[in-house]
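K.L.:
The number in our numbering is simply the position in the sequence shown, starting from 1, with 841 added.
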Amino acid sequence: MTKRLLTIQDISCVGQCSLTVALPVISACGIETAILPSAVLSTHTAGFKNYTFCDLTPEMEKIQKSWEENGIKFDAFYTGYVCPDQIDPILNIMKSCAAEGAVRIVDPVMADNGKMYPGFGPDFPAKMRRLCEGADYLLPNLTEAAFLLGREPVLEGYDRAFVEEMLRALYDIGVKNVVLTGISFEPDQLGVATYDGKEICYDFNPRLKVSSHGTGDVYASTFAGALLRGLSLLEAAALAADIVCESINATPDGHWYGVCFERALPELTKRLP
Ligand code: PXL
């Protein structure tokens, strides 16, 4: 039977991120993809000027009630960019609209490259941490991982012991599986580390020369779709990294605001069982 996933994140109308990535990517994986927009923005917040922002928190409870009245349940939840007052409404939806054995995938979108995204205050990581507690899969980048743990981000010069201590600390938040992205021990490699409470695994790809917006969303969406199609933790983590690389490689120079993940969708469907 086809699985139904609910993804909760913003609609950035233009910008190739969040829902405009998650919906096509997860659908391409053959998973029914339902959405709950956390906010509507004219564009994403990384480089466009005068973006509009409409916080949809007041809709959430009403939507939940309607879903309850229709008996709608989800096999999986995948959260991304959410607003500070949405943690409890989202936890309520995850409780009342979960099919048996429903999986929670949390991408704690809030920061990158050592800095919080515009619009999130210093109190946001503690709120986001509450959403992470009880997640089946947590997918932070190194900056988000540090902020979730109340630490200063360390982005270079670290070793395996540093990464592995961090994975264990993230696991201790109350998470079943951790996927830590943006790990690098050598200048020409970039990868991810996974931890399921027993085993730590790594997957590396050659580091690409450009840094791009929206790659975290391509990563998490591919991971979610692949996982629901039956791939293991490490298989889904590695496939998602490959699809991000493929998307970056398919993006022409000067296309600064996102990656052309659309061009990587054929490769994604080819790689699924
Ligand atoms: O890609 C993460 C993201 C999602 N949504 C919005 C953003 C960003 C990153 O900047 O601004 C609105």
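Using N, Cα and C, we set each Cβ at its ideal position, and we do this for glycine too. All figures in this text were calculated on a predicted structure; none of them were measured in a lab.
(1) Please classify Met-842 as buried or exposed, where buried requires at least 16 other C-beta atoms within 10 Å of its C-beta.
(2) Are the beta-carbon atoms belonging to Ala-943 and Ala-917 less than 8 Å from one another?
(3) Heavy atom of ligand 1 less than 7 Å from the Cβ of Cys-858, yes or no?
(4) If you compare alpha carbons, which of Pro-1093, Leu-1075 and Thr-920 is closest to Ile-849?
(5) Determine the extent of the beta strand (DSSP E) in which Cys-854 is found, giving its start and end residues.
(6) I'd like the list of long-range same chain contacts for Ser-868, defined as Cβ closer than 6 Å, with 5 residues on each side in sequence excluded.
(7) Could you round the C-beta distance between Val-1121 and Gly-1055 to whole angstroms and report it? I think they count as a contact, below 8 Å.
(8) Can Ser-868 be considered in contact with ligand 1, in the sense that its beta carbon sits closer than 7 Å to one or more heavy atoms?
(9) Bridge partners of Tyr-978, per DSSP?
(10) Using only the alpha-carbon positions, how far apart do Lys-1111 and Ala-1082 sit?
(11) If we ignore side chains and look at the alpha-carbon of each, how far apart do Ala-986 and Val-862 end up?
(12) Excluding the 5 residues flanking Pro-1093 on each side, which residues of the same chain have their C-beta closer than 8 Å to its C-beta?
(13) Where do the N-terminal and C-terminal ends of the alpha helix (DSSP H) with Ser-1123 fall, by residue?
(14) For the alpha helix (DSSP H) that contains Cys-973, what are its first and last residues?
P.N.:
Judging by the given coordinates:
(1) Indexing the sequence shown from 1 puts residue 842 at position 1. The residue is exposed, with fewer than 16 neighbouring Cβ atoms inside 10 Å.
(2) Position 102 of the sequence shown, counted from the first residue, corresponds to residue 943. Position 76 of the sequence shown, counted from the first residue, corresponds to residue 917. Yes. Within cutoff.
(3) What you label residue 858 is simply residue 17 of the sequence shown in a count that begins at 1. Correct: Cys-858 has its Cβ closer than 7 Å to ligand 1.
(4) Along the sequence shown, one-based indexing puts residue 849 at 8. Of Pro-1093, Leu-1075 and Thr-920, the residue nearest in Cα terms is Thr-920.
(5) For the purposes of this step, residue 854 is taken as residue 13 along the sequence shown, with counting starting at 1. Unbroken beta strand (DSSP E) run through Cys-854: 845–855.
(6) Position 27 of the sequence shown holds residue 868. Cβ neighbours of Ser-868 beyond the five flanking positions: Thr-874.
(7) Beyond the ends of the chain as shown, which are 842 and 1114, falls residue 1121; an answer cannot be given.
(8) Here residue 868 refers to the residue found at position 27 of the sequence shown. Not under cutoff, so the answer is no.
(9) For this step, residue 978 is matched to residue 137 along the sequence shown. Its beta-bridge partners are Ile-946 and Asn-1018.
(10) Taking the first residue of the sequence shown as 1, we reach residue 1111 at position 270. Taking the first residue of the sequence shown as 1, we reach residue 1082 at position 241. When rounded, the distance between both Cα atoms is 15 Å.
(11) Looking up residue 986 in the sequence shown gives position 145. Looking up residue 862 in the sequence shown gives position 21. The alpha-carbon atoms of Ala-986 and Val-862 are separated by roughly 23 Å.
(12) Counted from its first residue, the sequence shown places residue 1093 at position 252. Here the set comprises Cys-1101.
(13) Here the chain has residues from 842 to 1114 only, and residue 1123 is not among them.
(14) By 1-based counting over the sequence shown, the position of residue 973 is 132. 965–973 is the extent of the alpha helix (DSSP H) around Cys-973.
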